[in-house]
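Numbering (my numbering), first residue to last: 138 to 566.
Rendered as structure tokens:
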């Protein structure tokens, strides 16, 4: 199609096929079009109707398009001209586009056990530990040969990290994952001992305990002893709640609590009991008692126990670190909320007795040092019941498959823990 120079310039893909002869026009100062001289006709005359036919000249800058139809009508052949090279704006530094600012890239998010580690997780050391553990687990899976000692160490680190993560976010699922990691660590450790020929003595396999070290067992006993001496209110229900709250705040005197933590205990009126602890000054909460009972894991209630808060003069009653505290808290929750105790709707005194027997048996589950039994007065005082009421509590534990060969005398309770609950035990050392 034929078009003018302006239209052709607007279409960068246009090609020059032919150019029209230049019409006479006054000289231009830009040098884009040169005037053409009109040749005379023979005899010195010119053609009728205007100036003589002109010979088109071509600009050195490139072809010239014209809307005039004279050349087309005359059928003048016009040589094809090559297009002038287009100027590249990149050669002109003034017209060059600004360099794009490099995009901001967040560091890659950590991933462990099909969970993404949040960027804003605090403390930062916990976030880095979770990210590193995820990478180490993936590297272990790529190994060609298993290393059970390394695997046990990774599971143990994962259990500690997930306990801390659960405390920071009040996520029950993380607590369950932490417990599973502890069991996996114990299993891998036992398999490693069997593999190298250092398995524990005895025909049966070693017990994969929830608390794995003697120091942890002793710390669990120290918490129960502290509660027995410093319980702010009488009664088994108050003592059970004080045990659970103490384990939540043991290391710093500050912790988090949600409504399910309280409502999950066998308390006839949990709201009233929490109110009594607040009125006594032993417990402090942010907000009201009603708000604590209604709180959920995504919005826990902060609690404080002033008697457990360390200061310059008093470092606190407990010597274990912040990494062990969630382990002890998880252990107590497992004992108190054990499946058969929960389904049997056992009262608070029965669950206190379960805690006492779990910390008062030896490695084989026999009650007392060397299997000699535990004093009746000691157990009844801990459970906040009369000594005459203790046999009924023992019967409830026997029915729940906690105790076997149990016998209560005037002074001692003898028997042993069943194999089913041995993992919850803290053997006497």
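Even for Gly, the Cβ is constructed at its ideal location relative to N, Cα and C. Keep in mind that this is a model prediction, so the values were computed, not measured.
Presumed contact (8 Å Cβ cut-off) between residue i and residue j, rounded CB distance
i	j	result
residue 521	residue 372	6 Å
residue 270	residue 264	Actually they are not in contact, since the Cβ atoms of residue 270 and residue 264 sit about 11 Å apart, beyond 8 Å.
residue 317	residue 560	In fact, because the Cβ distance is near 13 Å, the residues do not count as touching under 8 Å.
residue 369	residue 379	7 Å
residue 485	residue 377	4 Å
residue 289	residue 326	4 Å
residue 529	residue 481	13 Å between Cβ atoms; not a contact.
residue 409	residue 462	Residue 409 to residue 462, Cβ: 28 Å. No contact.
Rounded C-alpha distance that separates residue i from residue j
i	j	result
residue 310	residue 303	8 Å
residue 550	residue 426	39 Å
residue 383	residue 354	16 Å
residue 272	residue 314	18 Å
residue 532	residue 564	23 Å
residue 509	residue 456	30 Å
residue 411	residue 511	32 Å
residue 443	residue 460	21 Å
residue 358	residue 496	6 Å
residue 554	residue 396	32 Å
residue 284	residue 323	14 Å
residue 348	residue 296	12 Å
residue 433	residue 392	15 Å
residue 406	residue 448	34 Å
residue 569	residue 287	Beyond the ends of the chain as shown, which are 138 and 566, falls residue 569; an answer cannot be given.
residue 102	residue 146	Any answer about residue 102 is impossible in this case: the structure gives the chain only from 138 up to 566.
residue 279	residue 479	42 Å
residue 254	residue 518	46 Å
residue 374	residue 413	12 Å
residue 500	residue 452	32 Å
residue 476	residue 450	43 Å
residue 469	residue 352	16 Å
residue 416	residue 523	27 Å
residue 507	residue 364	26 Å
residue 431	residue 422	13 Å
residue 142	residue 256	60 Å
residue 319	residue 381	21 Å
residue 557	residue 540	10 Å
residue 252	residue 498	38 Å
residue 473	residue 435	23 Å
residue 543	residue 344	21 Å
residue 148	residue 139	13 Å
residue 249	residue 525	52 Å
residue 262	residue 454	27 Å
residue 398	residue 493	21 Å
residue 367	residue 294	34 Å
residue 458	residue 274	26 Å
residue 350	residue 420	31 Å
Beta-ladder partner(s) of residue i, from DSSP
i	result
residue 393	439
residue 252	249
residue 100	This structure gives no information on residue 100, because the portion of the chain shown stretches from 138 to 566.
Beta carbon of residue i nearer than 8 Å to that of residue j
i	j	result
residue 441	residue 483	no
residue 516	residue 552	no
residue 464	residue 329	no
residue 321	residue 292	yes
residue 127	residue 298	Beyond the ends of the chain as shown, which are 138 and 566, falls residue 127; an answer cannot be given.
residue 281	residue 247	no
residue 488	residue 403	yes
residue 394	residue 445	no
residue 438	residue 418	no
residue 562	residue 502	yes
residue 513	residue 566	no
residue 527	residue 545	yes
Below-8 Å beta-carbon distance, residue i vs any chain B residue
i	result
residue 456	In the structure shown, chain B cannot be found, because there is only a single protein chain.
Inset, instruction - Quick one: which unbroken beta strand (DSSP E) runs of 3-plus residues sit fully inside the stretch 484-553? Chain order, please. - result: Fully enclosed beta strand (DSSP E) runs of 3 or longer: 540-545.
Inset, instruction - Could you name each continuous alpha helix (DSSP H) segment of 4 residues or more that falls completely within the stretch 276-340, going from the start of the chain to the end? - result: The qualifying runs are 285-306 and 309-332.
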